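**Q** Sharing a structure with you now.
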Amino acid sequence: MTENRFKAILADMDGTVNRGDTLLPGVDSLYRELTDKGFRWLFLSNNATAVASDLARKLCSMGLQVSDDQVVNSAAALIRALAKERPGARVFVVGESSLRAGISRAGMEIVEDPSDTEIVVSALDRGFTYEKLEKAQRAIHMGAEFWASNTDPSLPVADGIRPGAGSIVASIATAAGRQPDRIFGKPHTDMADIALEILGLDRDSCLVVGDRMEMDILFARNAEMTSALVLTGASSREDLPRFDFSPDYVLESIVQISEILFNRRPR
781 MTENRFKAIL ADMDGTVNRG DTLLPGVDSL YRELTDKGFR WLFLSNNATA VASDLARKLC
841 SMGLQVSDDQ VVNSAAALIR ALAKERPGAR VFVVGESSLR AGISRAGMEI VEDPSDTEIV
901 VSALDRGFTY EKLEKAQRAI HMGAEFWASN TDPSLPVADG IRPGAGSIVA SIATAAGRQP
961 DRIFGKPHTD MADIALEILG LDRDSCLVVG DRMEMDILFA RNAEMTSALV LTGASSREDL
1021 PRFDFSPDYV LESIVQISEI LFNRRPR
């Protein structure tokens, strides 16, 4: 095992290790090399269209040998909070079938009637309709809590950028006249807490790698972890002056993290 201070890599997925269904160049060999050297990997994704095990299978299909417990996503953080804090709650879900199924398996009751709703959950929903927006609005106006998986405005895909969960959350927030009560994805730290619990490590041992300043790098700052911004996704080098916080490192791609892990790159 390396004596380097870092023992684990907390890597974003879309825009950092993959784009759509394709790994970015060099990621497969980097993953094997660092795993063989004793570094531990967790993949942290704001994607809530699937449960964590589905995302693990996606990574496997792209060539990375990843187990289910190596992926933590905003859906997992949200479902964990429901199970711990609101067991058996009646939930109206604006989201896709896997999220609904995961919430149901955790013991919640999925409902469609706004008057019977205790919590409105909003995530990326590629079947989003005006009817769903209206139901979410009515439920919130009738007293339901408003929980969001994440607020990513866009989603990197193989052929460009598409609207993300944040676009849907913003629609509901506009209609309801208020912002979500809870947000579980980056830059909020629920996933960091789960990651540290899984790894059994302290914060100083983890390197967060991601492509979005306002999500991944702010997440690392909020979680008090070291961060590396990669320029293969949403944020560019030209974006950096717009923010009042900075990454610890800026890399052309995740492949360059070896320079950090083996102390070949100055901070």
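Residues 781 to 1047 (the working numbering) are what the sequence shown spells out, left to right. Each residue gets a CB set at the ideal place from its N, CA and C atoms; glycine is no exception. What you are looking at is a predicted structure, and each value in this text was computed from that prediction instead of being measured.
(1) Taking the beta carbon of residue 1029 as the centre, do at least 16 other beta carbons fall within 10 Å, making it buried, or is it exposed?
(2) For residue 1006, which of helix, strand or coil comes out of DSSP?
(3) Beta carbon of residue 964, beta carbon of residue 854: below 9 Å?
(4) Going by the beta-carbon positions, is the gap between residue 999 and residue 1027 smaller than 9 Å?
(5) Is the distance from the Cβ of residue 834 to the Cβ of residue 878 below 9 Å?
(6) Quick check on the burial criterion: 16 or more other C-beta atoms within 10 angstroms. Buried or exposed for residue 840?
(7) Tell me whether residue 893 is buried or exposed, calling it buried when 16 or more other Cβ atoms sit within 10 Å of its Cβ.
(8) Determine the DSSP secondary structure at residue 788, reduced to helix, strand or coil.
(9) I'd like to confirm the pairing. Which residues does DSSP put opposite residue 943 in its beta bridges?
(10) Quick one: is residue 847 buried, meaning 16 or more other Cβ sit within 10 Å of its Cβ, or exposed?
(11) When the Cα atoms are used, what is the spatial distance from residue 797 to residue 791?
(12) Return the first residue and the last residue of the beta strand (DSSP E) that residue 989 is part of.
(13) Assign residue 902 to one of three DSSP states: helix, strand, or coil.
(14) If I'm right that residue 985 touches residue 786 with Cβ under 8 Å, what's the distance once you round it to whole angstroms?
(15) Put residue 962 into one of helix, strand or coil per three-state DSSP.
(16) Check whether the Cβ atoms of residue 976 and residue 1037 lie closer than 9 Å to each other.
(17) Buried or exposed: which applies to residue 937, given that a residue is buried once 16 or more other Cβ atoms fall within 10 Å of its Cβ?
(18) Rounded to a whole number of angstroms, what is the C-alpha to C-alpha distance between residue 874 and residue 905?
(19) By the 10 Å Cβ neighbour count, where 16 or more other Cβ atoms means buried, how is residue 882 classified, buried or exposed?
(20) Taking its Cβ as the centre, do 16 or more other Cβ atoms sit within 10 Å of residue 845, making it buried, or is it exposed?
(21) Do you know offhand how far residue 1015's Cα is from residue 926's?
(22) Look at residue 1033 and residue 1006 and say whether their C-beta atoms are less than 9 Å apart.
**A** The structure says:
(1) buried
(2) strand
(3) yes
(4) no
(5) yes
(6) Exposed.
(7) exposed
(8) strand
(9) 934
(10) exposed
(11) 8 Å
(12) 986-990
(13) strand
(14) Sure, about 6 Å apart at Cβ, within 8 Å.
(15) strand
(16) no
(17) Exposed.
(18) Spanning the two alpha carbons is a distance of roughly 6 Å.
(19) buried
(20) exposed
(21) 29 Å
(22) no
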